[in-house]
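In UniProt numbering, the protein residues as written are 1 to 141. Read the structure below first, then the notes.
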């Protein structure tokens, strides 16, 4: 079973399905959705014990959050939402649960066949799936 440290590294987007529908479900406007569809972000995951940082970099925008696993924090998402978020690592899966304005979204990250698979699901079960491949590893200190 994977450990959170095995998710560490720089992951390059290679496939994305349903992202426009997911952003629409979140209430993201068409202009921002079109820009998001063009982005080919890298996801950089680092950890130090229970402290986790996830950075998403693209030529259009870079976002980052840091948290302690199991503790709720305020996150500002790439589309500008302010969410109450908690991240946990259970059974080889990093689970990021967001709540805002009576809505919810859950983002899971796990290793599958050497790829980081990210699945985002809103409360209405529309889902967004993308797979990342390893690009540049970042070591945990």
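Think of the CB as a built atom: it goes at the ideal place given N, C-alpha and C, for glycine as much as any other residue.
So, at 8 Å on beta carbons, what are the nonlocal neighbours of residue i in its own chain, with the 5 sequence-adjacent residues on each side left out?
i           : result
residue 4   : 47, 52, 69, 89 and 94
residue 82  : 74, 75, 76 and 100
residue 111 : 2, 6, 7, 92 and 117
residue 62  : 55 and 56
Just to confirm, are residue i and residue j a CB contact at a threshold of 8 Å?
i          : j           : result
residue 32 : residue 109 : no
residue 23 : residue 92  : no
residue 60 : residue 39  : yes
residue 64 : residue 72  : no
Span of the beta strand (DSSP E) holding residue i?
i           : result
residue 116 : 115-122
residue 93  : 93-100
residue 86  : 82-90
residue 111 : 103-112
Would you call residue i buried or exposed, if buried means 16 or more other Cβ atoms sit within 10 Å of its Cβ?
i           : result
residue 49  : exposed
residue 36  : buried
residue 45  : buried
residue 66  : exposed
residue 118 : buried
residue 30  : exposed
residue 14  : exposed
Note down, in chain order, each residue of its chain lying with its Cβ closer than 6 Å to the Cβ of residue i, except the 5 sequence neighbours on either side.
i           : result
residue 97  : 86 and 106
residue 122 : 25 and 105
Does any residue of chain C have a CB that is nearer than 8 Å to the CB of residue i?
i          : result
residue 48 : Here chain C cannot be found, since the structure has a single protein chain.
Starting from the C-beta of residue i, find all residues in its chain whose C-beta is less than 7 Å away, skip the five residues before and the five after it, and write them out in chain order.
i          : result
residue 78 : 56, 61 and 63
Segments assigned alpha helix (DSSP H), at least 4 residues, entirely inside the region 13-80: Every alpha helix (DSSP H) of 4 residues or more that sits fully in the region 13-80 is shown, in chain order, as 19-26 and 30-38.
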